[in-house]
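Participant: To start, I am sharing the structure in question, which I have written as structure tokens.
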Amino acid sequence: MVKNLQQSITGLKLLWSKCSPTSLMVLRFSSYGTNSGTLASSSAAQKEKDDLYQRLLPYAPSTVSMTPIINQWVREGKTVEYAVLKKAIKQLRAYRRFKHALQIYEWIDNSKHLRITPGDVAVRLDLISKAHGLEAAEEYFASIPDNLRSSYVYGALLNCYADAKSLMKAEGTMQKMRDLGNTDLVTYNVMMNLYAKMGDLEKLQSLVQEMEDKGIAGNVISYTIRLNAYVSVPDVKEMEKLLMKMEEDSLLIDWNAYAVTANGYMKAGDVEKASKVLRKCELLGKGKNARVANESMLCLYASMGKKNDVYRIWKKLKNRGKVYSSSYLSMISGLEKLDDIDGAEKIFAEWEVKEVYFDARIPNLLIAVYCRKGHLEKAESIIERLLESGKRPNYRTWDRLALGYYSHNQMEKAVETLKKAILASMPLRTPNIHSWAPCIDYFQSNGDTVRAEEIKRLLKERGMFSAG
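Residue numbers for the sequence shown, in UniProt numbering: 1 to 468.
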């Protein structure tokens with residue numbers, strides 16, 4: 001399972017992949033400042049702010065527009081404040097509801113009281129890229145007046161190219177920013193991360209040298225990018241050299257650096273050094289970082305086969321008080337690596353007893369574990385318990401079971417379960433291709449075109465399958 005560690009440092013967001021500590025997934029520009037815009041006086045009651053915000057936030061399919069919600073608010077004679085819309089846009093971005101966030105911007109465009117800022121343009125460019133793709137973002141960028149093409153906007157464009165791993169266009173944008181004098185630490189971090197993802201350590205090192213020549217000091221993200229790059233090789237010598245440099249500055253070293261280094265040693269086959277580094281990781285993984293640090297260490301110790309340490313870290317997590325879903329997911333994943341299925345079952349039982357709110361990811365994970373191990377009856381029993389307790393399995397629940405049936409050559413059950421997965425899914429949320437593609441092949445190879453077409457029809461209705 002995947003866990004995201006998010007650190008907002010110098011306008012960037014670092015995403016950490018839970019059981020792959022070296023995975024520096026993506027670097028993003030944070031929300032850009034747009035405080036100068038206003039649609040109405042800020043003297044409106046706080047209650048009105050919260051009411052409009054709450055109307056915009058509840059989940060709705062992407063086909064449902066945000067515009068009528070704001071229009072209804074206006075018809076009620078209430079004040080619309082830009083600060084409220086900005087807050088809603090920020091939260092919708094966090095929820096990955098990019099089209100809904102764009103619809104709010106479209107409503108703002110149609111109003112006549114907003115002074116558009118470069119920050120608004122940058123955020124919108126980012127949203128367009130995520131909602132409609134890189135080509136649409138480029139078209140929008142081409143329409144932006146020169147007076148609004150600030151460093152924020154070029155930075156957002158650079159980030160769009162970096163996300164898409166469009167190396168030549170990213171390099172071209174970076175050069176344009178150099179020519180305009182708009183480069184800063186954030187842009188260098190984005191480019192370094194892109195080179196790291198592309199495996200081009202030579203260009204990454206060239207960028208580091210350029211930063212040094214310009215007197216641009218790196219931050220913890222800069223060093224973490226480089227550390228991840230060395231671990232990916234793995235280049236233990238360069239990794240150790242960089243870690244020593246980070247240890248000289250308390251602002252550059254954190255638990256994450258030691259976790260990444262531990263994984264580098266593991267990749268190089270040096271479990272002893274990995275263990276020593278993880279002890280340092282434990283010393284720094286305290287306070288507000290304790291939970292995510294301990295969850296990561298669960299996975300690392302499990303990968304090293306250190307069962308006692310896994311349970312020791314789990315005890316530390318429990319002693320902190322509330323145990324979060326992400327901690328249960330980390331522990332069950334770790335115990336699967338250790339082939340401790342009995343232990344995973346006990347952790348799941350603890351979650352069932354203490355469950356405050358239902359998180360389908362936890363039973364789904366154990367169902368997947370059972371299916372991988374061939375314990376299909378146990379997987380079925382979890383779903384039965386969910387149904388008996390009034391909980392609704394989601395499409396991933398059925399999808400995991402369908403894949404289990406397919407993997408163990410129970411095709412009829414796989415097909416029926418796949419149908420449940422499709423019917424329980426949301427538009428564009430696709431069951432695993434490894435579960436539905438074999439089902440279609442199974443029917444076609446047995447001459448049962450009727451049922452093959454039925455599966456295709458269900459998939460097409462939810463935008464999951466095209467004839468091409």
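By construction, the Cβ of each residue, glycine as well, lies at the ideal position given by its N, Cα and C atoms.
Only a predicted model underlies this, so the values are computations on that prediction, with no experimental measurement involved.
Where does ALA182 fall in DSSP's three states?
Facilitator: Reading off the sequence shown, one finds Asn at residue 182, where the question assumed Ala. ASN182 falls in the coil class under three-state DSSP.
Participant: Out of curiosity, what's the CA-to-CA distance linking THR38 and ARG361?
Facilitator: Annotation note: pLDDT 37 at THR38 (below 50); position unreliable, coordinate value reported separately. The straight-line gap from Cα to Cα measures roughly 41 Å.
Participant: Identify, in the order they occur along the chain, each residue of the same chain with its Cβ nearer than 8 Å to the Cβ of MET174, setting aside the five sequence neighbours on each side.
Facilitator: LEU158, THR183, THR187, MET191
Participant: Where does GLN410 sit, in a helix, a strand or coil, going by DSSP?
Facilitator: coil
Participant: Can MET266 and ALA274 be called in contact, C-beta distance under 8 Å?
Facilitator: yes
Participant: Between the segment 280-287 and the segment 327-339, do at least 3 Cβ pairs fall closer than 8 Å?
Facilitator: no
Participant: Please list, in chain order, all residues of the same chain as ILE128 whose beta carbon is under 6 Å from its beta carbon, the five residues on each side excluded.
Facilitator: ALA136, ALA137, TYR140
Participant: Go to ARG361, then tell me how far its alpha helix (DSSP H) extends in each direction, as first and last residue.
Facilitator: 361-373
Participant: According to DSSP, is TYR230 part of a helix, a strand, or is it coil?
Facilitator: helix
Participant: Quick check: VAL123 and ILE89, are their CB atoms within less than 8 Å of each other?
Facilitator: yes
Participant: Looking at C-alpha atoms only, which residue of TRP255, GLY321, GLU240, ASN364 is the closest neighbour of SER296?
Facilitator: When each option's Cα is compared against that of SER296, the closest is TRP255.
Participant: When the Cα of ASN147 is compared with those of CYS160, ALA94, PRO118, which residue comes out closest?
Facilitator: PRO118
Participant: Between which two residues does the alpha helix (DSSP H) harbouring HIS132 extend?
Facilitator: 118-132
Participant: Please state if the CB of ALA162 and the CB of LEU194 are separated by a distance shorter than 8 Å.
Facilitator: yes
Participant: I need the DSSP call for ILE144, collapsed to helix, strand or coil.
Facilitator: Of the three classes helix, strand and coil, the one that applies to ILE144 here is coil, per DSSP.
Participant: So, helix, strand or coil for GLY305, using DSSP?
Facilitator: coil
Participant: Around the Cβ of PHE358, are there at least 16 other Cβ atoms within 10 angstroms (buried) or fewer (exposed)?
Facilitator: exposed
Participant: When DSSP labels each residue in this structure, what does ALA164 get in the three-state scheme?
Facilitator: Reduced to three states, the DSSP call for ALA164 is coil.
Participant: May I have the straight-line CA-CA distance separating VAL271 from GLU412, to the nearest angstrom?
Facilitator: 45 Å
Participant: Please determine if the segment 227-245 and the segment 209-217 are in contact, where contact requires at least 3 C-beta pairs separated by less than 8 Å.
Facilitator: no
Participant: In the structure shown, what three-state DSSP assignment does PRO438 receive?
Facilitator: Three-state DSSP puts PRO438 in a helix.
Participant: Any idea if ARG393 is buried or exposed, counting beta-carbon neighbours within 10 angstroms, 16 or more meaning buried?
Facilitator: Inspection of the sequence shows that residue 393 is occupied by Pro rather than by Arg. When all chains shown are included, PRO393 counts as buried.
Participant: If you follow the alpha helix (DSSP H) that LEU102 is in, where does it begin and where does it stop?
Facilitator: Here the alpha helix (DSSP H) through LEU102 covers 98-110.
Participant: With a CB to CB cut of under 6 Å and the five nearest residues on each side skipped, what residues in its chain are close to THR397?
Facilitator: ASN364
Participant: Would you kindly check if the distance between the Cβ of GLY264 and the Cβ of MET304 is under 8 Å?
Facilitator: no
Participant: To the nearest angstrom, how far is the alpha carbon of ASP441 from that of ALA452?
Facilitator: 8 Å
Participant: Quick check on DSSP: helix, strand or coil for ASN219?
Facilitator: Three-state DSSP puts ASN219 in coil, outside helix and strand.
Participant: Less than 8 Å between the C-beta atoms of VAL310 and LEU338, yes or no?
Facilitator: yes
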